[in-house]
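Contents: one structure, followed by commentary.
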Amino acid sequence: MSCWQTIQDYGLRSIGIGERLLPRDGFTLCEQITLIGSGMLWNIYFGTLALVAGFFLANLLAVAKAAPSRWARKPAEWFIFVFRGSPLFVQFFFAYFLFLSLKQSFPIFTPFASAWLGALVVLFFNTAAYSAEIFYGALRSIPKGDVEAADAYGFSGWPRFRRIIWPTMLRLGWPAYTNEAIFLFHATVLVFFSGFPSRQQRGDALYYANYFADKTFNPFVAYPILAGYFILLTLVVIAIFGLINRRLNRHLPQEARRKLRIRPNLIR
Amino acid sequence: MFSYCTDPETLSGLSWLSCYLTTGKHMSLYYAVPTVLLLLALTAPLALGVGFLGAMAARARFAPLSWVGKSYIAIVRGVPDVAFFLFFVIALDQALEWLLHKARCPDWPEPVRQGNDFVVCSAAKIPPGTAPQWIHESYGFMLAVVTFAIVFGAFVANVLFGAMRAVPRAQLETAAAYGMNTRQTFWRILVPQMWVYALPGLGNLWMVLIKATPLLFLLGVEDIVYWARELGGAKTARFSDYPHPDWRMWYFLGLLVFYLIFTRISEIFLERLMQRLSHGQATTGGEALRKADA
Amino acid sequence: MKTILLSTAALALTAGFALADTVRMGTEGAYPPYNFINDAGEVDGFERELGDELCKRAELTCEWVTNEWDSIIPNLVSGNYDTIIAGMSITDERDEVIDFTQNYIPPEESLYVALTDDVDIMGVIASQTSTIQSSYVAESGATLLEFATPDEMVAAVRNGEADAAFFQGAYLKPIVEESSDLTFVGDPIALGGGVGMGLRESDGELREKFDAAITSMKEDGTLNTLLTKWFGEKQKTF
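Taken in order, these protein sequences are the chains called A, B and C. For the first sequence, position 150 matches number 1499 in the numbering used here, and the numbering has no gaps at all. For the second sequence, position 14 matches number 1300 in the numbering used here, and the numbering has no gaps at all. For the third sequence, position 52 matches number 82 in the numbering used here, and the numbering has no gaps at all.
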């Protein structure tokens, strides 16, 4: 079977399109690369949606944690503490149990017991908590001068937050947030590994890598392929976040930014 | 454990629970707690060392060394730790044994790779085949520490690399003005000054490291999560004196509390450390301390 | 039987196998009654008793270690332990990578277990990831739901996630006997070539020793006694 045929058969296997049965013997390199790549669709799906949705919740949580009101502050603090303070797969375990029991009384929760929604919700809360802590830290270290300048120009309330505080917060928190995004994509491999059951052998990249490592009894092919995919994915994430970072910093004097790059050469 | 535990079927309530919670298997769970703590205590400094070397390599003026440092950071950071653990430990183990094999048995007639098998001479076995079980376990533990250190070292290297760039240039120029050479500037100014910029990132990594310990079972170390899962699963009366339904919920709740307390203690400690490092620094934190003192 | 014992001893002497070395027995420890961790935190079960007896007959010093199921074969070929004695069915796929002794449990039945009798075994079927049973379900056309441990698989039937679970009968039988809610459905299906001990392909001498020990246990009936003790009266014997 040619490699092109394999790609047609298994390229979308992870979402249930193509051959029903997984390859059983032979296990060419092409099959391994195709199926593990097909599994990456799930990792990208979980990572991207959780990241986008988590970004908005994180902003809310960070502002709530920095708020003077106790009623806003305490819930946000506890949410962040619980989700940052426990291992992800303990969270998966509890979420799975919770959704299963909710499902029994409320049929509306049925999709939550499947990975595509249940695991997504957990990852969404998890990344929201981690990012909120990053943004909260950034909120606290906004230079006093910026806020004073805003006051002097007559900004207050929402416009002041929207135009001055929020962009500065993003700018300061961005490098750490990039790291969090990388960690989130890595965390998506835990979904089928220790959280939710996989259905009809539809799983993520690690699920298929595990399948091949189990069938060929050789961990030194499938897992490095998985690693290669993730290195690529991480490079893409870093590139996208780098572009956003450039946009966030575009108002800064360009000269200063270039100097920043040269700096390491000066100290040697 | 207690004298009345000989016949658990006759017990009920608290006395049953006291016997149940002190079985040999539960002792393994309790014993796993110091194991995990010891692993963290050993991994943190080692990862810091690896990360420091990585950051120095990435900054090196000698291009190949800089490539090595940068690709180490990029590759290891890019791979999910689970995937790394699944093949790296076996590879590391085989690499060590292969090196020892080359050194100790230079005239071994058979190939090391025989089909799927990896066979070295018995003098090159780590630990030796006659070693008692605890040596095997300690060796597995050390492999886990080294693997964790290599993975987290890459993240530490990335944080330190950034922190070294964040030290205000004026401070380094002042050092040069005082007549320090580059090496002196590096060790006397840059390294002491970078920690305040590195600490938030390092603190975050510490939190991630704590939460990565459930992956230890992949490395063959039986940690608290392994035992909690093992103890919590439903037990029938045929294979256990203490039959019970699926109690994983309660064991995992215990784990949750353990990790939350551990996180809270770490947070308090890191907060204190940050305050201490911020003294006299040209940051908002340092400024706040200066004002508080005045 | 005496002659067999003598011949194994002779073999051991001539082969120059380092007798001082302990044989490390790799098992999973999460699979009663085959092997499990008992209340005292030690490896226990049918295979523990069998393995100890085999080691005694082959005059070997043995030591028990546990390993995750997923990486149990890679760790064997990499030399972290010397045998796998973990309820592993003899299959062609596995036989290509490692060697098996003769089987010490005859080919056995895999069974469907469900909450009611009228369950469709072509519906949602739970099984453990990477077992011969999960491959079977995947090929049968039913919707396969895979769990990391057999424990979670049974839990999924109880909470209604899966219509039924399909797994090795010996594992399911004690669970069904002791609980009122579960029942067997459908016909038993014979999979695999029985359970054997896995060894490295380069370890021919060790394999012969264990093979001889298993033969001797089959001949004097001790193996059958052990099988009945752990798997019940209805267990197929040799």
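Cβ atoms here follow ideal geometry from the backbone N, Cα and C, with glycine treated the same way.
query: In three-state terms, what does DSSP make of Asn-1490 of chain B?
result: By one-based count along the second sequence, residue 1490 of chain B stands at place 204. Three-state DSSP puts Asn-1490 of chain B in a helix.
Cβ of Ile-120 of chain C within 8 Å of any chain B Cβ: The residue given as residue 120 of chain C occupies position 90 in the third sequence. Taking Cβ atoms only, chain B never reaches closer than 8 Å to Ile-120 of chain C, which makes this a no.
message: Just to check my reading of the structure: Val-1368 of chain B and Leu-1555 of chain A have Cβ atoms closer than 8 Å, yes? What is that Cβ distance to the nearest angstrom?
response: The residue labelled residue 1368 of chain B in the question sits at position 82 within the second sequence. The residue labelled residue 1555 of chain A in the question sits at position 206 within the first sequence. Yes, Val-1368 of chain B and Leu-1555 of chain A are in contact; Cβ-Cβ is about 7 Å, under 8 Å.
- prompt: Which same chain residues, not among the five before or five after Lys-1311 of chain B, have their C-beta less than 8 Å away from its C-beta?
  reply: Residue 1311 of chain B sits at position 25 when you count from the first residue of the second sequence. Closer than 8 Å at Cβ, skipping near neighbours: Trp-1513, Glu-1516 and Leu-1517.
- prompt: For Thr-1433 of chain B, which residues from the same chain have a beta carbon less than 7 Å from its beta carbon, with the 5 sequence-adjacent residues on both sides left out?
  reply: Numbered from its first residue, the second sequence carries residue 1433 of chain B at position 147. Excluding sequence neighbours, Thr-1433 of chain B sits near Phe-1371, Phe-1374, Val-1375, Leu-1378 and Leu-1505.
- prompt: Any idea if Ile-1496 of chain B is buried or exposed, counting beta-carbon neighbours within 10 angstroms, 16 or more meaning buried?
  reply: Sequence index remark: in the second sequence, residue 1496 of chain B carries index 210 (1-based). Its Cβ being crowded by 16 or more others within 10 Å, Ile-1496 of chain B is buried.
task: State buried or exposed for Cys-1352 of chain A, treating a residue as buried only when at least 16 other CB atoms are found within 10 Å of its CB.
output: Your numbering for residue 1352 of chain A matches position 3 in the first sequence. Counting Cβ neighbours within 10 Å, Cys-1352 of chain A comes out exposed, since fewer than 16 surround it.
- prompt: Just to confirm, does Ile-120 of chain C get its C-beta within under 7 Å of one of the non-hydrogen atoms of the ligand MN?
  reply: Absence of the ligand MN from the depicted structure is noted, as is the absence of any ligand whatsoever, leaving it without description.
query: Would DSSP call Asn-133 of chain C helix, strand or coil?
result: Along the third sequence, one-based indexing puts residue 133 of chain C at 103. It is coil, neither helix nor strand.
task: Quickly, what does DSSP pair Lys-1521 of chain B with across the bridge? List them, please.
output: Position 235 of the second sequence holds residue 1521 of chain B. Paired residue(s): B:His-1530.
- request: Closer than 9 Å, Cβ to Cβ, to anything on chain B: give me those residues from the segment 181 to 203 of chain C, in chain order.
  value: Asp-181, Glu-182, Val-184, Ala-185 and Arg-188
message: Taking the straight line between their C-alpha atoms, what separation do you get for Arg-1599 of chain A and Phe-1404 of chain A?
response: Locating residue 1599 of chain A in the first sequence gives position 250, counting from the first residue. Locating residue 1404 of chain A in the first sequence gives position 55, counting from the first residue. Cα to Cα, the separation comes out at about 21 Å.
field: Helix, strand or coil at Asp-100 of chain C according to DSSP, with G and I counted as helix
entry: Position 70 of the third sequence holds residue 100 of chain C. Here Asp-100 of chain C sits in coil by DSSP.
task: On a CA-only basis, which of B:Ala-1520, B:Ala-1484, B:Met-1535 and B:Pro-1294 is nearest Arg-1451 of chain B? Give me that one, please.
output: The sequence position of residue 1451 of chain B within the second sequence is 165, counting from 1. Of the listed residues, the one whose Cα sits closest to Arg-1451 of chain B is B:Ala-1484.
Paired residues, beta bridge with Glu-93 of chain C - DSSP: Walking along the third sequence from the start, residue 93 of chain C turns up at place 63. Glu-93 of chain C is bridged to C:Arg-54.
- request: Leaving aside the five residues before and after Gly-1519 of chain B along the sequence, list all residues of the same chain whose C-beta is less than 7 Å from its C-beta, in chain order.
  value: Start at 1 with the first residue of the second sequence, and residue 1519 of chain B comes out as number 233. Excluding residues within five positions, the ones whose Cβ falls inside 7 Å are Asp-1532 and Arg-1534.
- prompt: Ordered along the chain, which non-local residues of its own chain (more than five positions away) have a Cβ less than 7 Å from that of Gly-80 of chain C?
  reply: Within the third sequence, residue 80 of chain C is the residue found at index 50, counting from 1. Gly is not the amino acid found at residue 80 of chain C; the sequence shown has Leu there. Correct list, in chain order: Tyr-134 and Leu-256.
query: If Tyr-1479 of chain A and Glu-1426 of chain A are in contact, beta carbons under 8 Å, what's the gap, nearest whole angstrom?
result: Reading the first sequence from its first residue, position 130 is the one you call residue 1479 of chain A. Reading the first sequence from its first residue, position 77 is the one you call residue 1426 of chain A. With a Cβ gap of about 14 Å, Tyr-1479 of chain A and Glu-1426 of chain A do not count as contacting.
message: Could you check whether Met-55 of chain C and Thr-113 of chain C sit closer than 8 Å to each other, using their CB atoms as the reference points?
response: What you label residue 113 of chain C is simply residue 83 of the third sequence in a count that begins at 1. What you label residue 55 of chain C is simply residue 25 of the third sequence in a count that begins at 1. Yes; because the gap between Cβ atoms is below 8 Å, this pair is in contact.
query: Just curious, the alpha helix (DSSP H) that Pro-204 of chain C is in, first and last residue?
result: Your numbering for residue 204 of chain C matches position 174 in the third sequence. First-last of the alpha helix (DSSP H) with Pro-204 of chain C: 199 to 208.
task: Report the neighbours of Ile-1376 of chain B on chain D: residues whose CB is nearer than 9 Å to its CB, in chain order.
output: Among the chains of the structure shown, chain D does not appear; the protein chains present are A, B and C.
message: For Pro-218 of chain C, report the span of its beta strand (DSSP E) as first-last.
response: The residue labelled residue 218 of chain C in the question sits at position 188 within the third sequence. Its beta strand (DSSP E) spans residues 213 to 220.
query: From A:Val-1412, A:Leu-1378, A:Gly-1367 and A:Ser-1463, pick the residue whose C-alpha is nearest to that of Arg-1511 of chain A; which is it?
result: Here residue 1511 of chain A refers to the residue found at position 162 when the first sequence is read from its first residue. Considering only alpha carbons, the answer is A:Val-1412.
- request: Label Ser-170 of chain C either buried or exposed according to how many other C-beta atoms from any shown protein chain fall within 10 Å of its C-beta, with 16 as the threshold for buried.
  value: Numbered from its first residue, the third sequence carries residue 170 of chain C at position 140. The residue in question, Ser-170 of chain C, is exposed, as its Cβ has fewer than 16 Cβ neighbours within 10 Å.
Any 3 or more C-beta pairs closer than 8 Å across the segment 111 to 131 of chain C and the segment 239 to 246 of chain C: yes
- request: Scan the segment 1420 to 1471 of chain A and note each continuous alpha helix (DSSP H) run of 4 residues or more that stays entirely inside, going in chain order.
  value: 1437 to 1454
query: Mind listing which residues of the segment 1536 to 1557 of chain A have their C-beta closer than 9 Å to chain C's C-betas, in chain order?
result: Phe-1541, Phe-1542, Ser-1543, Pro-1546, Ser-1547, Arg-1548, Gln-1549, Gln-1550, Gly-1552 and Tyr-1556
query: Where Gly-1375 of chain A and Ala-1562 of chain A are concerned, what is the direct C-alpha to C-alpha distance, given to the nearest angstrom?
result: Walking along the first sequence from the start, residue 1375 of chain A turns up at place 26. Walking along the first sequence from the start, residue 1562 of chain A turns up at place 213. If you take the alpha carbons of Gly-1375 of chain A and Ala-1562 of chain A, they lie about 13 Å apart.
- prompt: Who are the near neighbours of Glu-1557 of chain B in its chain, counting only those whose CB is closer than 6 Å to its CB and skipping five residues on each side?
  reply: Here residue 1557 of chain B corresponds to residue number 271 of the second sequence, with the count starting at 1. Taken in chain order, the list of residues that qualify is empty.
DSSP three-state assignment for Val-225 of chain C, whether helix, strand or coil: Translated into the one-based positions of the third sequence, residue 225 of chain C becomes position 195. If DSSP states are grouped into helix, strand and coil, Val-225 of chain C belongs with the strands.
query: Along the segment 1426 to 1437 of chain A, what residues have a CB closer than 9 Å to any CB found in chain B?
result: Phe-1430, Val-1431, Arg-1433, Gly-1434, Ser-1435, Pro-1436 and Leu-1437
Where Ile-120 of chain C sits in the DSSP three-state scheme: Taking the first residue of the third sequence as position 1, residue 120 of chain C is located at position 90. Note: Ile-120 of chain C maps to coil in three-state DSSP.
message: So if DSSP puts Glu-139 of chain C in a beta bridge, which residue, or which two residues, is it bridged to?
response: Sequence index remark: in the third sequence, residue 139 of chain C carries index 109 (1-based). Glu-139 of chain C is bridged to C:Ala-220.
query: Considering only C-alpha positions, which residue in the set B:Leu-1315, B:Ile-1361 and B:Ala-1346 is nearest to Ile-1580 of chain A?
result: If you number the first sequence from 1, residue 1580 of chain A lands on position 231. Answer by Cα proximity: B:Ile-1361.
message: Just to confirm, is the Cβ distance from Phe-1404 of chain B to Ser-108 of chain C under 8 Å?
response: Locating residue 1404 of chain B in the second sequence gives position 118, counting from the first residue. Locating residue 108 of chain C in the third sequence gives position 78, counting from the first residue. A contact, by the Cβ cut-off of 8 Å.
field: Closest by C-alpha distance to Thr-1499 of chain B, when choosing among B:Leu-1446, B:Ala-1346, B:Gly-1540 and B:Ala-1430
entry: As a first step, residue 1499 of chain B must be located in the second sequence, where it is residue number 213. Cα-wise, what sits closest to Thr-1499 of chain B is B:Ala-1430.
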